[in-house]
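In our numbering, the protein residues as written are 3 to 250.
1. Rank 167, 28, 56 and 234 by C-alpha distance to the C-alpha of residue 6 and give the top, closest one.
2. Quick one: any contact between the segment 119-136 and the segment 74-88, if contact means 3 or more CB pairs under 8 Å?
3. What are the start and end residues of the beta strand (DSSP E) that includes residue 248?
4. If you draw a straight line from the C-alpha of residue 110 to the C-alpha of residue 19, how long is it?
5. In this structure, how does DSSP classify residue 10 when only helix, strand and coil are distinguished?
6. On a Cα-Cα basis, can you pick out the residue from 185, 177 and 60 that is closest to residue 151?
7. Would you list the one or two residues that DSSP bridges to residue 170?
8. Distance, Cα to Cα, residue 225 vs residue 92?
9. Taking the alpha-carbon positions, what's the residue 149 to residue 169 distance?
10. Closest by CA to residue 232, which one among 204, 243 and 221?
11. For residue 235 and residue 202, what's the separation of their Cα atoms in angstroms?
12. Look up residue 22 in the DSSP assignment and say whether it is helix, strand or coil.
13. Can you look up residue 56 in the DSSP assignment and give me helix, strand or coil?
14. Going by the CB atoms, is the gap between residue 147 and residue 2 shorter than 8 Å?
15. Would you tell me roughly how many angstroms separate the C-alpha atoms of residue 142 and residue 250, rounded to the nearest one?
16. Please state the DSSP three-state secondary structure of residue 123.
17. For the beta strand (DSSP E) that residue 134 lies in, which residues bound it at each end?
18. Thinking C-beta only, is residue 59 closer than 8 Å to residue 230?
19. Pick helix, strand or coil for residue 74, following the three-state DSSP scheme.
20. Taking only the alpha-carbon atoms, compute the straight-line gap between residue 244 and residue 112 and give it to the nearest angstrom.
21. Using the Cα positions of residue 107 and residue 101, report the straight-line distance between them to the nearest angstrom.
22. Taking only the alpha-carbon atoms, compute the straight-line gap between residue 62 and residue 183 and give it to the nearest angstrom.
23. Using DSSP with H/G/I as helix, E/B as strand and the rest coil, what is residue 94?
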């Protein structure tokens, strides 16, 4: 299992020095960069020697997946996906809670169809660039579509696309009060995020819920990537404790 950290490209050398196996970058930040700034970011990660295997925050908040046309979605992806490929990203996380927020006046079936269309467009672009997409369940405080592992696994199955799979995020599982052992019956899990449930900080102390979550991952046979997507006020102090906890 590889342990990564969500951080900017400019932090790549530091992330490697702290002992993480890879970097997870913010796709929206990468897509918004001017060409010159992106080339600097690319040089930063290449100089560090740390692989950039994952990305998150695929769509910026101004893109409305419930209302914007497929052309709007595709234009963003055609700008962003090739950059992710050049960085070395293999799996892009499709979270973007604001972009997929269902208007209260829109019936759920209509919103689901539109989100499925967006996922398939995204999957097509990802596949053309040698990437795949992990759909991320987000707790109800962040969006009103795809709030649980089970719902999101069913969505990924309905998308019926070879480049569309599932992400599990312990923070959202804990916030939503989901049974962690759903991990044992769901398939297509391609990536994992972790954070301490209280405060969404780096997990540095054993936590019953996180322990059960990690045990369920192990029992399911998962041996992929796990990214720390959380806050820390002291990377130097927290990194060894977080890595020890997760690797243990």
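Think of the CB as a built atom: it goes at the ideal place given N, C-alpha and C, for glycine as much as any other residue.
With the given structure in hand:
1. What you label residue 6 is simply residue 4 of the chain shown in a count that begins at 1. The shortest Cα separation from residue 6 among 167, 28, 56 and 234 belongs to 56.
2. Enough Cβ pairs lie closer than 8 Å, so yes.
3. Translated into the one-based positions of the chain shown, residue 248 becomes position 246. Here residue 248 belongs to no beta strand (DSSP E); instead the alpha helix (DSSP H) covers 237-249.
4. The count along the chain shown starts at 1 and reaches residue 110 at position 108. The count along the chain shown starts at 1 and reaches residue 19 at position 17. Those two C-alpha atoms are separated by around 46 Å.
5. Looking up residue 10 in the chain shown gives position 8. Reduced to three states, the DSSP call for residue 10 is coil.
6. What you label residue 151 is simply residue 149 of the chain shown in a count that begins at 1. Residue 151 has its Cα closest to that of 185, out of 185, 177 and 60.
7. Here residue 170 corresponds to residue number 168 of the chain shown, with the count starting at 1. Residue 170 is bridged to 194.
8. Mapped onto the chain shown, residue 225 falls at position 223. Mapped onto the chain shown, residue 92 falls at position 90. Between residue 225 and residue 92, the C-alpha separation is close to 16 Å.
9. In the chain shown, counting from the first residue as 1, residue 149 sits at position 147. In the chain shown, counting from the first residue as 1, residue 169 sits at position 167. Rounded to the nearest angstrom, the two C-alpha atoms are 12 Å apart.
10. On the chain shown, residue 232 is found 230 positions in, with the first residue counted as 1. Nearest option by C-alpha distance: 204.
11. Position 233 of the chain shown, counted from the first residue, corresponds to residue 235. Position 200 of the chain shown, counted from the first residue, corresponds to residue 202. If you take the alpha carbons of residue 235 and residue 202, they lie about 12 Å apart.
12. Start at 1 with the first residue of the chain shown, and residue 22 comes out as number 20. Of the three classes helix, strand and coil, the one that applies to residue 22 here is coil, per DSSP.
13. For this step, residue 56 is matched to residue 54 along the chain shown. The answer is strand: DSSP assigns residue 56 an E or B state.
14. Outside the shown range of the chain (3 to 250) lies residue 2, about which nothing can therefore be said.
15. One-based indexing of the chain shown puts residue 142 at position 140. One-based indexing of the chain shown puts residue 250 at position 248. Taking the straight line from one Cα to the other gives about 31 Å.
16. To locate residue 123, count along the chain shown from 1; it is residue 121. Residue 123 falls in the helix class under three-state DSSP.
17. Against the chain shown, residue 134 aligns to sequence position 132. Start and end: 134-137.
18. Reading the chain shown from its first residue, position 228 is the one you call residue 230. Reading the chain shown from its first residue, position 57 is the one you call residue 59. Contact annotation: residue 230 and residue 59 have beta-carbon atoms that are not nearer than 8 Å.
19. By 1-based counting over the chain shown, the position of residue 74 is 72. Residue 74: helix per DSSP, three-state reduction.
20. Locating residue 244 in the chain shown gives position 242, counting from the first residue. Locating residue 112 in the chain shown gives position 110, counting from the first residue. Roughly 42 Å separates the two Cα atoms.
21. Taking the first residue of the chain shown as position 1, residue 107 is located at position 105. Taking the first residue of the chain shown as position 1, residue 101 is located at position 99. The alpha-carbon atoms of residue 107 and residue 101 are separated by roughly 16 Å.
22. Within the chain shown, numbered from 1, the residue matching residue 62 stands at position 60. Within the chain shown, numbered from 1, the residue matching residue 183 stands at position 181. Straight-line Cα distance between these residues: approximately 32 Å.
23. For this step, residue 94 is matched to residue 92 along the chain shown. Residue state, collapsed to three classes: strand.
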